[in-house]
Each structure stands twice: as C-alpha cells, then as structure tokens.
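K.L.:
My questions will all concern the structure given below.
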C-alpha cells in the first residue's frame, strides 16, 4: 500500500502542476498576467473588470479649481469713517445693522473694536465690496448730518447762530418756502417731524427762526433734497387738507 500511496501522491502533484501550468498559460494568452496596462495606466483589465480612471481622482479637480478661482476673485478694502461714534451708529444695537448689511451685500465686514482706528474692513467680490462701501459711507454721512443738526439745535438754545454742515462734494442747498402758520407744523413737537424727514431723505435741514422768513434750507445730494421738499409739502397737505 505504501508504494501505491506514493504513486498516487506523485500523480496528484503532477496533475496539480499541469492545471497550474494550464491556468498560467491561459492567463498569459489573455494578456492579463503581468500586463503592463494593469500597472496604473487605466486601460488593462483584471478578473474581467475594466480598470477605468478613478472618478475621485479626476472629478474634484474642476471643483477645486473653481473654488480657487472664486477665492481669487475676492478682494478686501478698508473703509474709514470719521469717529468711533460713527462706528457705533453703523453697527447698530447688538450689531443688528452691520449683520443686515453683510447679508444685503454678500460680504464679510470686520468691525473695528474699541481702541482701534474707525475703519471697517470689507471682503468679498469687487462689486459687492463697492456696494458695501457705498452703504457704509452713506450711513456715516447721514450720521454726520444728524450730529451737526443736533449741535445746531443746541447752539440755537444757547443763543448761538446755527452753522451749516461741512461742505461735501456733490451736495446742493435748496430753499423750501412755506406759509408762516405751518412752520411749527413742519418742525413738529420737539422737532420730531423735521428730524424724521431728515432721517428718511438723508438731508440736513435748517429750520427758520421766528424772526426770519418761513424758509427751510435743505442740504444734501440733489435727489435727496428734492425728496425732502416733497416730504415737507406732503406733510403740510396731509395736516392742513390743502
């Protein structure tokens, strides 16, 4: 039996060798064994599955390039305002105004903190930054006019003549004459009506004193002063029915 076992064992090994050789031969004929195409060229096959390019290696390229392109289009600009009081006015209570401006202009606006120079730093696309800059400067200008108006009112109470706001390029001054009897109506209780018109139209309005002609002097951009004129006339018509 031992000789037969050795014979059978040798036969089995020989059969397995032949099968292995046959398999290797068939693989070589198919061009799969040791094929240079399978070494990373992406054109060979393995176990009958196409070795296509990995989409994870190629697809993100355009995404990354697009992101880099958008980032490269961003710009940053510093927008100075006259004082820290202007900063507080532009930022608003608990930052409500500056948050709204960020959302409106699609920009990031860095607000100066106490002790820093009153300069806002705006980052975003060029057209968005320009828009945010205009909004900030317009708000600063409006606050300057309001503060000048308050100083003039205080000076009038103390007996000092009211002074005009500082000259601003592009601003004009017009006169709006009204009947004597409606001057107080236009001014409103404690100046509430005229302050509202100034705020709405972004203008500076000098109220006539009792011994002067009933003429309001309105200063601001041309469109704004005309808007203030219309507001004054509309208020008179509304209250008097004329």
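In the working numbering, the protein residues as written are 16 to 257. Just so you know, even glycine gets a beta-carbon here, dropped at the ideal spot from N, CA and C.
1) Residues in its own chain within less than 8 Å of residue 90 by CB, not counting five upstream and five downstream?
2) Would residue 133 and residue 102 qualify as a contact pair, given that the criterion is a beta-carbon distance under 8 Å?
3) First and last residue of the beta strand (DSSP E) that includes residue 125?
4) By the DSSP assignment, the beta strand (DSSP E) with residue 95 in it spans what residues?
5) Tell me where the beta strand (DSSP E) around residue 232 begins and ends.
6) Given a cut-off of 8 Å on the beta-carbon distance, is the pair residue 243 and residue 230 in contact?
7) Should residue 160 be listed as close to the ligand ADP, given that the test is whether its C-beta is under 7 Å from any heavy atom?
8) Going by the beta-carbon positions, is the gap between residue 213 and residue 161 smaller than 8 Å?
9) Of all the options 158, 88, 207 and 153, which has the alpha carbon lying nearest to the alpha carbon of residue 185?
10) Given this structure, state the Cα-to-Cα distance separating residue 209 from residue 188, to the nearest angstrom.
11) In terms of alpha-carbon separation, which member of 109, 199 and 96 lies closest to residue 158?
12) Just mark residue 169 as buried or exposed, buried being the case when its beta carbon has 16 or more other beta carbons within 10 Å.
13) Which value, in whole angstroms, describes the spacing of the CA atoms of residue 130 and residue 136?
14) Can you tell me where the beta strand (DSSP E) with residue 136 in it begins and where it stops?
15) Contact defined as beta carbons within less than 8 Å: I believe residue 113 pairs with residue 126. What is the distance between those atoms, to the nearest angstrom?
16) Residue 240 to residue 124, Cα distance in whole Å?
17) Provide the residue span of the beta strand (DSSP E) that contains residue 218, from first to last.
18) Report yes if the CB atom of residue 202 is closer than 8 Å to the CB atom of residue 222, and no otherwise.
19) How many Å lie between residue 38 and residue 88 at the Cα?
20) Exposed or buried, which one is residue 255 when buried takes at least 16 other CB atoms within 10 Å?
21) Given a threshold of 16 other Cβ atoms within 10 Å of its Cβ, counted over all protein chains shown, does residue 191 qualify as buried or as exposed?
22) Can you tell me where the alpha helix (DSSP H) with residue 192 in it begins and where it stops?
23) Quick one: what's got a C-beta closer than 6 Å to residue 104's C-beta in the same chain, skipping five residues either side?
P.N.:
Reading it off the structure:
1) Around residue 90: 138, 139, 140, 141 and 144.
2) Yes, Cβ-Cβ distance for residue 133 and residue 102 is below 8 Å.
3) For residue 125, the uninterrupted beta strand (DSSP E) run begins and ends at 123–125, by DSSP.
4) Element bounds for residue 95: 89–95.
5) From DSSP, the beta strand (DSSP E) with residue 232 extends over 230–235.
6) Annotated as distal: residue 243 and residue 230, with beta-carbon spacing of 8 Å or more.
7) Looking for the ligand ADP in the displayed structure turns up nothing, as the structure carries no ligands at all.
8) With respect to residue 161, residue 213 sits close: the two C-beta atoms are nearer than 8 Å.
9) When 158, 88, 207 and 153 are compared, the shortest CA-CA separation from residue 185 is found for 153.
10) If you take the alpha carbons of residue 209 and residue 188, they lie about 16 Å apart.
11) Per the C-alpha coordinates, the member of 109, 199 and 96 positioned closest to residue 158 is 96.
12) Model confidence at residue 169 stands at a pLDDT of 49, short of 50, so the residue's coordinates are unreliable; what they give is reported in the following sentence. Exposed.
13) If you take the alpha carbons of residue 130 and residue 136, they lie about 16 Å apart.
14) Here the beta strand (DSSP E) through residue 136 covers 134–140.
15) The beta carbons of residue 113 and residue 126 sit about 6 Å from each other, so the pair counts as a contact at 8 Å.
16) Looking at the two C-alpha atoms, the distance is approximately 30 Å.
17) Here residue 218 belongs to no beta strand (DSSP E), and DSSP marks it neither H nor E.
18) Yes, these two residues count as a Cβ contact at 8 Å.
19) Distance between the alpha carbons of residue 38 and residue 88 is about 60 Å.
20) Around the beta-carbon of residue 255, fewer than 16 other beta-carbon atoms lie within 10 Å, marking it exposed.
21) It is buried - the Cβ of residue 191 has at least 16 other Cβ atoms within 10 Å.
22) Careful: residue 192 lies outside any alpha helix (DSSP H), inside the beta strand (DSSP E) at 187–192.
23) The residues 158, in chain order, have a CB closer than 6 Å to that of residue 104 in the same chain once the five nearest residues on each side in sequence are set aside.
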